[in-house]
Amino acid sequence: MSETIYVVIDHTNGEIRNASWETLVLGQRMAAQSGFELHALILGDDPGPVAEQVGRKQLDSVIAVADPKLRSYEPDSHCAALSQVLAEDAPHILLMAHIYQNIDLAPKLAAAIGTGLLTDCIDYRWEGGGFTFVRQVFRNKIDAEIRIRSRHPWLVTVQSGAFNSDDLEDGSAPPASRVVDLASVQVRRESLETIEGMKGGVDLTKADIIVGVGRGIKKEENLQLIHDLAEALGAEIGASRPVVDNGWLERERQIGSSGQNVQPKLYVACGISGAIQHIVGMKGAQCIVAINSDPNAPIFNIANYGIVGDLLEIAPVLTRKIRELKS
Amino acid sequence: MKIVTCLKDVPGRDTRYQIGSGQNWINESDVTWEINECDEYALEEALKLKESLGGEVTLLTLGPQRSEKAMRKGLAMGADRGVHVVDTASRVLSPYPVAKALAAALEKEEFDLILAGTQSDDFSYAQTGVVLADLLGLPHATIVMEVAVDSDAKTVRVLREMESGWFQWVRLPLPAVLTIQAGISKVRYPSLKGIMQARRKEIRQINLEELGLDWEHMPSLEILSLAFPETDSKVEILEGPPETAVDALVDKLRREAKVL
């Protein structure tokens with residue numbers, strides 16, 4: 005029997021998470037290069053419809069794991085279900101999307117089965133018959149190549165946006181299923197209500213120009229410079245997480261993985277270093293300008309134009325020049 | 042309520058990284074170490090819970106002797122005492138062995154709640170707190186934005202952040218492990234009085250080597266190499282003093298990018 009790669013496909017209300025499709029792209033590439041088999045795992049109370057969609061991609065099988073206790077996510081049941089399947093099937097690697105649900109689940113699963121977990125990977129290497137993985141470290145400033153040292157299955161989570169779901173290979177995969185016994189699982193976490201935290205009138209997704217402000221603004225008082233610049237440009241103001249966390253701007257202005265996803269024509273990143281959580285929310289902008297004092301800030305990797313310097317000095321000059329241009 | 046807060050020190054935000062000669066670690070000689078951001082928020086949350094419910098906050102740190110400085114700051118912020126698992130060999134440790142060592146260090150401690158940062162600003166693995174929970178057989182919740190201990194002090198309600206601006210309330214029995222997200226509240230500064238008191242607060246030291254951990258047989262992550270990312274960046278940096286650079290930028294935005 006050949007070695008196998010498993011990919012967990014996560015879904016909410018029957019809709020497959022895009023990050024899971026992206027993870028499947030990685031799975032297809034790893035399988036193609038190594039010759040390993042590729043199987044998808046879908047957990048849920050009724051995983052059939054999702055399994056059917058996944059079955060139209062190129063894989064060796066789509067494995068449905070159905071149980072009423074898997075209806076919505078909670079770590080005890082999901083960990084037990086995956087542990088049982090992994091113990092029986094013994095894959096080489098299990099891939100999952102690095103989404104909040106799996107940040108909650110994957111370390112528990114790794115501890116429960118006693119194997120290694122590498123989170124938030126952006127790439128892989130296949131050398132000498134073994135996989136290693138690449139991930140960003142030290143505030144995204146350095147790439148590390150890392151080898152997991154443990155028994156199999158290794159657990160690997162994959163950064164959102166590291167792969168493109170448009171690259172999925174179509175195919176036809178036979179359905180399969182596994183039975184799990186969750187009767188003895190003690191569920192300790194009780195899910196209460198789910199709430200939407202960003203009720204407000206700000207819809208940044210429709211803005212043509214956005215001035216994004218980050219930690220580099222330093223003080224709340226300095227935000228006036230950003231308001232002035234936004235006004236001159238006719239732009240909306242967006243923010244990276246630290247600015248919102250400080251209470252300097254409303255949470256609905258947050259851009260990134262826990263905020264809005266925007267695609268303006270012009271995005272002016274002011275004092276934003278470019279943490280991946282922010283970048284996933286604005287990299288679709290047509291033109292990105294970065295103003296930052298640190299020439300090594302990751303934001304410059306995705307910007308079209310950059311100015312390295314003090315935001316507090318540059319923003320007023322830019323505001324003045326824009327006003328001159330428009331008058 | 043007895044609360045343990047996990048705290049580690051990481052290279053400061055303004056660190057200009059250099060890769061060390063072995064190519065698999067950074068050159069630490071110029072690094073200034075500070076408390077990991079999420080951990081500072083976790084400590085703040087612990088201190089607030091202590092203020093409203095009474096009890097004790099114990100810091101739990103694994104790190105070389107250097108890490109005591111971060112612990113003293115935590116004590117100055119208001120933690121009562123510390124437990125320092127001293128790593129005399131300055132190992133580069135993976136989440137599982139760290140959690141194993143922390144679990145061993147907690148054997149002689151009493152606690153109702155353990156708080157940890159969701160992730161660290163060095164490796165950002167976002168694993169240690171959850172692995173620790175599982176090793177201790179405790180329930181956990183990650184990416185926590187709000188903590189409310191129920192009146193019987195047997196359960197805790199927590200608000201978990203989810204993607205795209207959604208949040209979820211969940212309830213866990215105590216003791217439990219929560220990993221705290223940055224931005225949950227405003228972190229206090231140590232007061233002068235706090236700094237004075239911190240010098241006399243107890244830090245119980247445990248030698249990592251004496252915990253008898255089986256390093257060879259624990260899952261670990263081996264860093265093969267570090268490299269600055271090769272980017273396909275097409276960024277055009279506009280040089281010169283602000284006036285010159287901004288003039289060039291505005292010109293590019295008008296004529297090249299055609300977005301103004």
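Residue numbers (the working numbering), protein chains in the order written: chain G, 5 to 331; chain P, 42 to 301. For each residue, glycine too, the CB sits at the ideal point set by N, CA and C.
Residues sharing a beta bridge with residue 208 of chain P, DSSP: Partner(s): G:199, P:202.
Same chain, Cβ closer than 6 Å to residue 250 of chain G, neighbours up to 5 away in sequence not counted: The beta carbon of residue 250 of chain G lies closer than 6 Å to none in the same chain, with the five residues before and after it left out.
For residue 91 of chain G, the first and last residue of its enclosing alpha helix (DSSP H): Segment 79 to 93, the alpha helix (DSSP H) holding residue 91 of chain G.
Of the residues P:209, P:99, P:150, P:147, the one placed nearest residue 1 of chain G, counting alpha carbons only: Look at the range of chain G in this structure, 5 to 331, and you will see that residue 1 of chain G is not part of it.
Span of the alpha helix (DSSP H) around residue 137 of chain P: Here the alpha helix (DSSP H) through residue 137 of chain P covers 136 to 146.
Cβ shell of residue 184 of chain P (< 6 Å), same chain only, five flanking positions each side left out: Contacts found: 159, 201, 202, 222.
Neighbour flag for residue 192 of chain P against chain G, beta carbons, 9 Å: Contact of residue 192 of chain P with chain G is not assigned, every C-beta pair being separated by 9 Å or more.
Start-end ranges of the beta strand (DSSP E) lying completely within the stretch 144 to 185 of chain P, minimum 3 residues: Listed in chain order, they are 154 to 158.
Helix, strand or coil at residue 93 of chain P according to DSSP, with G and I counted as helix: In this structure, residue 93 of chain P counts as helix in the three-state DSSP scheme.
Rounded C-alpha distance that separates residue 130 of chain G from residue 25 of chain G: In this structure, the straight-line span from the alpha carbon of residue 130 of chain G to that of residue 25 of chain G is close to 21 Å.
Start-to-end residues for the alpha helix (DSSP H) that takes in residue 235 of chain P: Where residue 235 of chain P is concerned, the enclosing alpha helix (DSSP H) stretches over 233 to 239.
For residue 149 of chain G, the first and last residue of its enclosing beta strand (DSSP E): Start and end: 146 to 153.
Residue from G:108, G:326, G:209 whose Cα sits closest to the Cα of residue 269 of chain G: Closest in C-alpha terms to residue 269 of chain G, from the list G:108, G:326, G:209, comes G:209.
Where residue 312 of chain G meets chain P, residues with beta-carbon distance less than 7 Å: Those are 278, listed as they occur along chain P.
Residues that residue 261 of chain G bridges to, as DSSP identifies them: Within the DSSP bridge table, the entry for residue 261 of chain G names no partner.
Residue range of the alpha helix (DSSP H) that includes residue 46 of chain G: No alpha helix (DSSP H) contains residue 46 of chain G, which is instead part of the beta strand (DSSP E) from 41 to 48.
Residues of its chain near residue 283 of chain G, where Cβ-Cβ distance is below 8 Å and the 5 sequence neighbours each way are ignored: For residue 283 of chain G, the CB contacts under 8 Å within the same chain, skipping 5 residues up- and downstream, are 165, 260, 302, 303, 306 in chain order.
Contact list for residue 272 of chain P against chain G, beta-carbon separation under 8 Å: Here the neighbours are 305.
For residue 229 of chain G and residue 319 of chain G, believed in contact at Cβ under 8 Å, the rounded distance: With 8 Å as the limit, residue 319 of chain G and residue 229 of chain G qualify as a contact, their Cβ atoms being about 4 Å apart.
Status (buried if at least 16 other CB within 10 Å, exposed otherwise) for residue 49 of chain G: Exposed, by the Cβ-count rule.
Other residues of its chain near residue 278 of chain G: CB distance less than 6 Å, five sequence neighbours each side excluded: In its chain, beyond the 5 residues on either side, 301, 302, 303 have a beta carbon closer than 6 Å to the beta carbon of residue 278 of chain G.
Beta-ladder partner(s) of residue 140 of chain G, from DSSP: DSSP lists G:147 as the beta-bridge partner residues of residue 140 of chain G.
Contact with chain P by residue 108 of chain G, beta-carbon distance below 9 Å: True, the Cβ-Cβ gap to chain P drops below 9 Å.
Partner residues on chain P for residue 245 of chain G, Cβ-Cβ distance less than 9 Å: Within 9 Å Cβ-Cβ: 223, 224.
Rounded separation between residue 235 of chain P and residue 113 of chain P - CA only: So the two alpha carbons sit approximately 10 Å from each other.
Under 9 Å from the C-beta of residue 114 of chain G: neighbouring residues of chain P: Those within 9 Å of residue 114 of chain G in chain P are 136, 137, 168, 171, 172, 175, 260.
Proximity test, residue 179 of chain G beta-carbon vs the ligand HEM heavy atom, cut-off 8 Å: By its list of ligands, the structure shown contains no ligand whatsoever, and the ligand HEM lies outside what it can speak to.
Nearest residue (CA-CA) to residue 46 of chain G, options G:133, G:311, G:28, G:239: Sorting G:133, G:311, G:28, G:239 by C-alpha distance to the C-alpha of residue 46 of chain G places G:28 at the top.
Classification of residue 199 of chain G by the beta-carbon crowding that lies within 10 angstroms, buried from 16 upward: Exposed.
Separation of residue 135 of chain G from residue 40 of chain G, as counted between CA atoms: Distance between the alpha carbons of residue 40 of chain G and residue 135 of chain G: 11 Å.
Test: residue 156 of chain P CB closer than 9 Å to a CB of chain G: Output row for residue 156 of chain P: interface = no.
Under the three-state DSSP convention, the category residue 14 of chain G falls into: Residue 14 of chain G falls in the coil class under three-state DSSP.
Which of helix, strand or coil DSSP assigns to residue 124 of chain G: Here residue 124 of chain G sits in strand by DSSP.
Bridge partners - residue 125 of chain P, DSSP secondary structure assignment: DSSP lists P:102, P:246 as partners of residue 125 of chain P.
Beta carbon proximity, residue 133 of chain G to chain P, threshold 9 Å: Chain P has no Cβ within less than 9 Å of the Cβ of residue 133 of chain G.
Local Cβ density within 10 Å of residue 154 of chain G, reported as buried at 16 or more and exposed below that: Buried is the call here.
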